[in-house]
Ligand code: BGC
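In the numbering used here, the protein residues as written are 54 to 532.
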């Protein structure tokens, strides 16, 4: 049961004040943590514009150009994999701060690059930071949020990813007249500084503090958000659960925790959604929109402008998702999103195969982005912060995030060759088929997490996989 936050704002009395003040505090922390999401968006988005200029400076071949873009995805995979361990050992706050510093180092290398090798190394370092941040941000956000607003807080991450992409496109446009690609990358140092500096001010996650024998600190933090009664209740519940876990021998028993039967269902859901989020084809549009739009017969400069429009729709529909995610829940958003992507991909394919014209192709592309942004985009990142039990949360998020980057890399690599081999429209139909399989998977296996404590999420997860739930882990949020 959720008691910490009243869902009826305006309730009078001292508790309501704690609730309101606590809620504002959580939003302020979340805004800083989610700068990690902004950098994810910015550093993946900025390269498309910068590439047009540094490829001439360094006389890059086609392969070299592709490698500067995609080496970031490989770095991100490694960064995501490493982060779970680091975040469990050092804490969420320090890990995020370190990632801010790595962002700065990567940016400095790229901005001062004198040749292909150096820019490649810089992008690899940036990738480590992007991947690390993308794995830890959902965990950190989840652990500082009360269940009643957790969906919105987690969706903030995706919102800032889309803002990062949009600002990157804007910066590309602004700097394109001068061709100053170093300037384009250098802007990324500002949010990186905010992240590194912000980590000095942020509180540590109470779930991590509890797991590391710092119950007093965790209690003080939960009190500042939800009041004393709720803090006592949560800490008591945590202790009871840890005792039960000890008696049942529910931890890893010598095995890595992600391989234990208790975590299996969450792993299947996390990894499958990671694959689905990328194989649904989102980045074929986000990364290649100008190329695809040119195919429809529009000029290149118009194509860049339409790419900005696609970025804007992505951002606007993510705001819609924020408004809906705690009201209608994660499952309905995912199902509507996948159904929308399926239909628009079929139509997009059709528009190329039978030649419906540039206008309609563009319309279907925009509707496809809207469908992704309202569900599969934000909800994947929210769920990986919510479905894993406390002891496996950082590792589980790391593994899911790494698989997401690996899938992103694969799709980005094979998309254009597949288009060359079988055609644009037919390729979109393959993506549609993947969305259909995804729809069936979500309907059957993905649990609802809206306004639920971890135990309830776990019980539904186990039931969907035909197992009975046993007590394990810490609560998802602080309230
Ligand atoms: C995906 C990214 C994608 C972005 C677009 C994220 O949720 O993980 O790969 O580029 O959404 O908004």
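Glycine is no exception: its CB is placed at the ideal position from the N, C-alpha and C atoms.
If distances are taken between C-alpha atoms only, which option among 102, 155, 84 and 189 comes closest to residue 438? One-based indexing of the chain shown puts residue 438 at position 385. Minimum Cα distance to residue 438 is reached at 189.
Using the Cα positions of residue 267 and residue 231, report the straight-line distance between them to the nearest angstrom. As a position in the chain shown, residue 267 is number 214, starting the count at 1. As a position in the chain shown, residue 231 is number 178, starting the count at 1. Roughly 53 Å between the two C-alpha positions.
For residue 505, which three-state DSSP category applies? As a first step, residue 505 is located in the chain shown; it is residue number 452 there, counting from the start. The answer is coil: DSSP assigns residue 505 none of H, G, I, E or B.
Of the choices 90, 163 and 502, whose alpha-carbon is the least far from that of residue 104? Residue 104 sits at position 51 when you count from the first residue of the chain shown. When only C-alpha atoms are compared, the closest one is 163.
Indicate, with yes or no, if the ligand BGC has a heavy atom lying under 7 Å from the CB of residue 408. Within the chain shown, numbered from 1, the residue matching residue 408 stands at position 355. Residue 408 Cβ: outside cutoff for every heavy atom of the ligand BGC.
Proximity below 8 Å, CB of residue 432 to CB of residue 386: Here residue 432 refers to the residue found at position 379 when the chain shown is read from its first residue. Here residue 386 refers to the residue found at position 333 when the chain shown is read from its first residue. Yes, they are a contact pair.
Could you check where the alpha helix (DSSP H) with residue 381 kicks off and where it finishes? Numbered from its first residue, the chain shown carries residue 381 at position 328. That residue, residue 381, is in no alpha helix (DSSP H); it is neither H nor E in DSSP.
In three-state terms, what does DSSP make of residue 141? The count along the chain shown starts at 1 and reaches residue 141 at position 88. Of the three classes helix, strand and coil, the one that applies to residue 141 here is helix, per DSSP.
Would the stretch 121-130 and the stretch 243-252 be scored as touching if the rule is three or more Cβ pairs under 8 Å? no
Residue 455 beta carbon less than 8 Å from that of residue 134: If you number the chain shown from 1, residue 134 lands on position 81. If you number the chain shown from 1, residue 455 lands on position 402. Cβ atoms of residue 134 and residue 455: closer than 8 Å.
For residue 426, the nearest candidate out of 401, 215 and 256 (CA to CA): Within the chain shown, residue 426 is the residue found at index 373, counting from 1. Among 401, 215 and 256, the Cα nearest to that of residue 426 is on 215.
Where does residue 303 fall in DSSP's three states? For the purposes of this step, residue 303 is taken as the residue at position 250 of the chain shown. Residue placement at residue 303 cannot be trusted, given a pLDDT of 47 that sits under 50; what the coordinates show is reported in the next sentence. It is coil, neither helix nor strand.
Curious, which full-length alpha helix (DSSP H) runs of at least 4 residues does the stretch 143-185 contain? 145-164
CB of residue 335 to nearest heavy atom of the ligand BGC: below 7 Å? Here residue 335 is taken as the residue at index 282 of the chain shown, counted from 1. Residue 335: yes, Cβ under 7 Å from the ligand BGC.
Check this for me: beta carbons of residue 516 and residue 441, under 8 Å apart or not? Position 463 of the chain shown, counted from the first residue, corresponds to residue 516. Position 388 of the chain shown, counted from the first residue, corresponds to residue 441. Taking 8 Å as the Cβ cut-off, residue 516 and residue 441 do not qualify as a contacting pair.
Proximity test, residue 433 beta-carbon vs the ligand NAP heavy atom, cut-off 7 Å: Among the ligands present in this structure, namely the ligand BGC, the ligand NAP is not found.
Where does residue 265 fall in DSSP's three states? Residue mapping note: residue 265 aligns to position 212 of the chain shown, counting from 1. Looking at residue 265 - three-state DSSP - the assignment turns out to be coil, as it is neither helix nor strand.
Is it true that the stretch 258-266 meets the stretch 143-163, where meeting means three or more beta-carbon pairs spaced less than 8 Å apart? yes
Any heavy atom of the ligand BGC inside 7 Å of the beta-carbon of residue 367? The residue given as residue 367 occupies position 314 in the chain shown. Yes.
In or out: residue 514 buried (at least 16 other Cβ within 10 Å) or exposed? In the chain shown, residue 514 corresponds to position 461, counting from 1. Residue 514 should be labelled buried.
Which first and last residues belong to the alpha helix (DSSP H) in which residue 497 is found? Taking the first residue of the chain shown as position 1, residue 497 is located at position 444. From DSSP, the alpha helix (DSSP H) with residue 497 extends over 477-498.
Quick check on the DSSP output: the alpha helix (DSSP H) that includes residue 111 runs from which residue to which? Counting from one through the chain shown, the residue named residue 111 turns up at place 58. Note, residue 111: premise wrong, no alpha helix (DSSP H); not H, not E.
Within 8 Å, strictly: CB atoms of residue 467 and residue 208: In the chain shown, counting from the first residue as 1, residue 467 sits at position 414. In the chain shown, counting from the first residue as 1, residue 208 sits at position 155. Against a cut-off of 8 Å, the Cβ pair of residue 208 and residue 467 comes out as no contact.
Thinking C-beta only, is residue 401 closer than 8 Å to residue 414? Here the question's residue 414 lines up with position 361 in the chain shown. Here the question's residue 401 lines up with position 348 in the chain shown. Cβ atoms of residue 414 and residue 401: closer than 8 Å.
Please report the straight-line C-alpha distance between residue 177 and residue 129, rounded to a whole angstrom. Indexing the chain shown from 1 puts residue 177 at position 124. Indexing the chain shown from 1 puts residue 129 at position 76. Their backbone Cα atoms lie some 8 Å apart in a straight line.
Contact under 8 Å by Cβ, residue 449 with residue 323: Within the chain shown, residue 449 is the residue found at index 396, counting from 1. Within the chain shown, residue 323 is the residue found at index 270, counting from 1. Result yes, Cβ atoms of residue 449 and residue 323 sit closer than 8 Å.
Whole-angstrom distance between residue 82 and residue 21, CA atom to CA atom: The structure shown does not extend to residue 21, since the chain spans only 54 to 532, so no value can be given for it.
Suppose you measure from the CA of residue 326 to the CA of residue 237; what does that come to, to the nearest Å? Residue mapping note: residue 326 aligns to position 273 of the chain shown, counting from 1. Residue mapping note: residue 237 aligns to position 184 of the chain shown, counting from 1. Spanning the two alpha carbons is a distance of roughly 32 Å.
Starting from the C-beta of residue 491, find all residues in its chain whose C-beta is less than 6 Å away, skip the five residues before and the five after it, and write them out in chain order. As a position in the chain shown, residue 491 is number 438, starting the count at 1. The residues are 329 and 391.
Within 10 Å of its beta-carbon, does residue 505 have 16 or more other beta-carbons around it, so buried, or fewer, so exposed? One-based indexing of the chain shown puts residue 505 at position 452. Its Cβ being crowded by 16 or more others within 10 Å, residue 505 is buried.
Rounded to a whole number of angstroms, what is the C-alpha to C-alpha distance between residue 479 and residue 361? Translated into positions along the chain shown, residue 479 becomes position 426. Translated into positions along the chain shown, residue 361 becomes position 308. Their backbone Cα atoms lie some 26 Å apart in a straight line.
Residue 313, DSSP secondary structure in three states: For the purposes of this step, residue 313 is taken as residue 260 along the chain shown, with counting starting at 1. DSSP places residue 313 in coil when its eight states are reduced to three.
Out of curiosity, what's the CA-to-CA distance linking residue 373 and residue 477? Indexing the chain shown from 1 puts residue 373 at position 320. Indexing the chain shown from 1 puts residue 477 at position 424. Going by the C-alpha atoms only, they are around 30 Å apart.
Within the same chain, show all residues whose beta-carbon is closer than 6 Å to that of residue 150, passing over the 5 residues directly before and after it, in chain order. Taking the first residue of the chain shown as 1, we reach residue 150 at position 97. Correct list, in chain order: 249 and 252.
Considering residue 218, what are the terminal residues of the alpha helix (DSSP H) in which it resides? Residue 218 sits at position 165 when you count from the first residue of the chain shown. Run containing residue 218: 203-229, per the alpha helix (DSSP H) assignment.
Would you kindly work out how many angstroms separate the C-alpha atoms of residue 141 and residue 109, rounded to a whole number? By 1-based counting over the chain shown, the position of residue 141 is 88. By 1-based counting over the chain shown, the position of residue 109 is 56. Residue 141 and residue 109: Cα-Cα distance of roughly 44 Å.
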